[in-house]
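Novice: In the working numbering, the protein residues as written are 1433 to 1761.
For every residue, glycine included, the Cβ atom is placed at its ideal position computed from N, Cα and C.
Note that the structure is a prediction, hence the values are computed from the model and not measured.
1. Taking the DSSP output, what are the residues bridged to residue 1554?
2. Please report the straight-line C-alpha distance between residue 1745 and residue 1595, rounded to a whole angstrom.
3. Which two residues bound the contiguous alpha helix (DSSP H) that contains residue 1614?
4. How many angstroms separate the CA atom of residue 1443 from the CA atom of residue 1625?
5. Measuring alpha carbon to alpha carbon, tell me which of 1506, 1722, 1741 and 1520 ends up nearest residue 1446.
6. Quick test of the definition: if touching needs 3 or more C-beta pairs under 8 Å, does the region 1479 to 1495 touch the region 1648 to 1661?
7. Confirm, please, whether the CB-CB distance from residue 1627 to residue 1496 is below 9 Å.
8. Counting only the same chain and skipping the five closest in sequence on each side, list residues whose C-beta sits under 7 Å from that of residue 1747.
9. What are the boundary residues of the alpha helix (DSSP H) that residue 1531 is part of?
10. On the DSSP letters alone, give me the boundaries of the alpha helix (DSSP H) that residue 1489 sits inside.
11. Using a 10 Å radius around the Cβ and a threshold of 16 neighbouring Cβ atoms, would you call residue 1684 buried or exposed?
12. So residue 1537 and residue 1706 are supposed to be a Cβ contact under 8 Å. How far apart are they, rounded?
13. Could you say which of 1709, 1472 and 1488 lies nearest to residue 1699 if we only look at CA atoms?
14. Judging by CA-CA distance, which residue of 1694, 1717, 1506 and 1689 is the nearest neighbour of residue 1677?
15. For the alpha helix (DSSP H) containing residue 1694, name the first residue and the last one.
16. Taking DSSP as the reference, what is the three-state secondary structure of residue 1700?
17. Name the residue from 1474, 1434, 1466 and 1758 whose alpha carbon lies nearest to the alpha carbon of residue 1453.
18. Quick test of the definition: if touching needs 3 or more C-beta pairs under 8 Å, does the region 1748 to 1760 touch the region 1513 to 1531?
19. Throw me the rounded Cβ distance for the residue 1476 and residue 1649 pair, which I believe falls under 8 Å.
20. Whole angstroms is fine: what's the gap from residue 1641's alpha carbon to residue 1492's?
21. Look at the Cβ atom of residue 1541, then the Cβ atom of residue 1560, and state whether they are nearer than 9 Å.
22. Mind checking residue 1433: buried by the 16 CB within 10 Å criterion, or exposed?
23. Looking at residue 1464 and residue 1708, is the spacing between their C-beta atoms short of 9 Å?
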């Protein structure tokens, strides 16, 4: 029971860091274009994150069953504990440096690293199909769709009054930012739910296949509280450092990001990174102004961080597992 309480508590701690690390995903563009004030944007994102957690379970089932075999006994609890610590450590490190990285892939990296050291089977086909391929394709789709949607907006409103168009798009961003936050809650809350269900299954406190309501509610609350805390360092990177956005660009990026989140959650049931998607959409939207308008040096550092996320979190998780098992094993 002590192990379950510890792992579940750390899982909620991961959800909290996920919230404040990724709050920028939903609202950075709206805040930077002044469509929403920071406080209003954070409140809206927190509420929509909470609501999104109750909209699906497909991603949670992929996390709990499709990445590693369900570990057993005390060793299994230590594997989950180490995976979560590895993910939290990477979240905090990248948050400190204002680097938009993926909480999703930090968690998966932690799971794989701890499982390998702990002697638990890793489903490499599942890692490839459900993690690696979406990690590569979703940013590409975000980049191309962001570019295409922004071109369409520019063509459709080519004769519109610029000031009136910007004012209307600033109002529309309220909707697109809410949709992005709802998609973030839909995707990211389920990843923590999957870990909690694994812990309950290992400890024989739960044998069902659905996600218990209390797990949904508590995970959603932790994610929302983290979102409310805000991730200002990363928000500055997304909202200002990649490119200076105007309201039409912000609306286009958020709309593309939200669409990809819903499609991947419902149609494919694969966990994707909201960070990867919104960052690539911002790059695609910005490139329509002119390619050099995007600060590709900043973008390069972000992409390098994406590829380092899984191995770095996995390494930390492996070390944490080794130390923890040496103490209690």
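Specialist: So, from the data block:
1. On the chain shown, position 122 is the one that residue 1554 refers to. Bridge partners of residue 1554: 1500.
2. Taking the chain shown and counting its residues from 1, the one referred to as residue 1745 is at position 313. Taking the chain shown and counting its residues from 1, the one referred to as residue 1595 is at position 163. Spanning the two alpha carbons is a distance of roughly 46 Å.
3. Here residue 1614 refers to the residue found at position 182 when the chain shown is read from its first residue. Residue 1614: member of the alpha helix (DSSP H) spanning 1594 to 1634, first to last residue.
4. For the purposes of this step, residue 1443 is taken as the residue at position 11 of the chain shown. For the purposes of this step, residue 1625 is taken as the residue at position 193 of the chain shown. One C-alpha to the other measures close to 8 Å.
5. Taking the first residue of the chain shown as position 1, residue 1446 is located at position 14. Per the Cα distances, 1520.
6. Short answer: they touch.
7. The sequence position of residue 1496 within the chain shown is 64, counting from 1. The sequence position of residue 1627 within the chain shown is 195, counting from 1. A contact, by the Cβ cut-off of 9 Å.
8. Your numbering for residue 1747 matches position 315 in the chain shown. Contacts found: 1545.
9. As a working mapping, residue 1531 is identified with position 99 in the chain shown. Unbroken run through residue 1531: none, as it is neither H nor E.
10. As a working mapping, residue 1489 is identified with position 57 in the chain shown. In the DSSP assignment, residue 1489 falls outside any alpha helix (DSSP H), carrying neither H nor E.
11. Locating residue 1684 in the chain shown gives position 252, where the first residue counts as 1. Of the other Cβ atoms in all chains shown, 16 or more fall within 10 Å of the Cβ of residue 1684; this residue is therefore buried.
12. What you label residue 1537 is simply residue 105 of the chain shown in a count that begins at 1. What you label residue 1706 is simply residue 274 of the chain shown in a count that begins at 1. Between residue 1537 and residue 1706 the beta-carbon gap is near 11 Å, outside 8 Å, which marks them as no contact.
13. The residue labelled residue 1699 in the question sits at position 267 within the chain shown. Distance from the Cα of residue 1699 is smallest, within the candidate group 1709, 1472 and 1488, for 1488.
14. By 1-based counting over the chain shown, the position of residue 1677 is 245. Nearest Cα to residue 1677 within the set 1694, 1717, 1506 and 1689: 1717.
15. Position 262 of the chain shown, counted from the start, is the residue given in the question as residue 1694. For residue 1694, the uninterrupted alpha helix (DSSP H) segment begins and ends at 1679 to 1695.
16. Translated into positions along the chain shown, residue 1700 becomes position 268. Here DSSP, grouped into helix, strand and coil, assigns residue 1700 to helix.
17. Numbered from its first residue, the chain shown carries residue 1453 at position 21. Residue 1474 holds the alpha-carbon nearest to the alpha-carbon of residue 1453 among 1474, 1434, 1466 and 1758.
18. Counting C-beta pairs with one atom in each stretch, the region 1748 to 1760 and the region 1513 to 1531 have three or more that are closer than 8 Å, which means they touch.
19. The residue given as residue 1476 occupies position 44 in the chain shown. The residue given as residue 1649 occupies position 217 in the chain shown. 20 Å between Cβ atoms; not a contact.
20. Locating residue 1641 in the chain shown gives position 209, counting from the first residue. Locating residue 1492 in the chain shown gives position 60, counting from the first residue. Rounded to whole angstroms, residue 1641 to residue 1492 spans 10 Å at the Cα level.
21. If you number the chain shown from 1, residue 1541 lands on position 109. If you number the chain shown from 1, residue 1560 lands on position 128. In this structure, residue 1541 sits away from residue 1560, with a CB-CB distance that is not shorter than 9 Å.
22. Looking up residue 1433 in the chain shown gives position 1. The Cβ neighbour count for residue 1433, taken over all protein chains shown within 10 Å, is under 16; the residue is labelled exposed.
23. As a position in the chain shown, residue 1708 is number 276, starting the count at 1. As a position in the chain shown, residue 1464 is number 32, starting the count at 1. Contact: no.
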